[in-house]
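S.K.: Input: one structure, supplied below.
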Amino acid sequence: MTDTLTSRTGTTRIGSIESAAVAAYDALEAEGCTDIETSLPHQTRGTWIVPATTDDGRYHVHIDPKTGSTRVSKRRE
5 MTDTLTSRTG
15 TTRIGSIESA
25 AVAAYDALEA
35 EGCTDIETSL
45 PHQTRGTWIV
55 PATTDDGRYH
65 VHIDPKTGST
75 RVSKRRE
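The opening residue of the sequence shown carries number 5 in this note's numbering; numbering runs sequentially from there.
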């Protein structure tokens with residue numbers, strides 16, 4: 005993954021796989037990505053991690069489940 009991270013502050017609790025996938029999609033769309041396909045989100049102790057593929061490459065979106073804040077990181081190919 006690259007070191008370039010973009011943080012987005014949210015105010016929505018993320019309590020399900022579906023809401024994590026939607027939050028990741030929205031974060032990538034806000035970054036200007038298109039043709040977004042999210043993979044199955046998984047939850048660790050303090051974050052949801054959502055792998056995704058877009059027109060611009062592969063990403064991981066990290067989501068704080070309490071606040072909905074997102075951090076997008078581009079994966080190296």
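Idealized CB from N, CA, C, for every residue including glycine. These numbers were taken from a predicted model, which means no experiment stands behind them.
#1: Comparing alpha-carbon positions, which option in His64, Arg49, Glu81, Arg80 lies nearest alanine 25?
#2: Tell me which residue opens and which closes the alpha helix (DSSP H) that serine 23 is part of.
#3: On the DSSP letters alone, give me the boundaries of the beta strand (DSSP E) that isoleucine 18 sits inside.
#4: Rounded to whole angstroms, what's the CA-CA distance from aspartate 68 to isoleucine 18? Just pull it up for me.
#5: Can you tell me whether DSSP reads proline 45 as helix, strand or coil?
M.R.: Per the coordinate set shown:
#1: His64
#2: 21 to 34
#3: Isoleucine 18 -> no beta strand (DSSP E), and no H or E assigned at all.
#4: 7 Å
#5: coil
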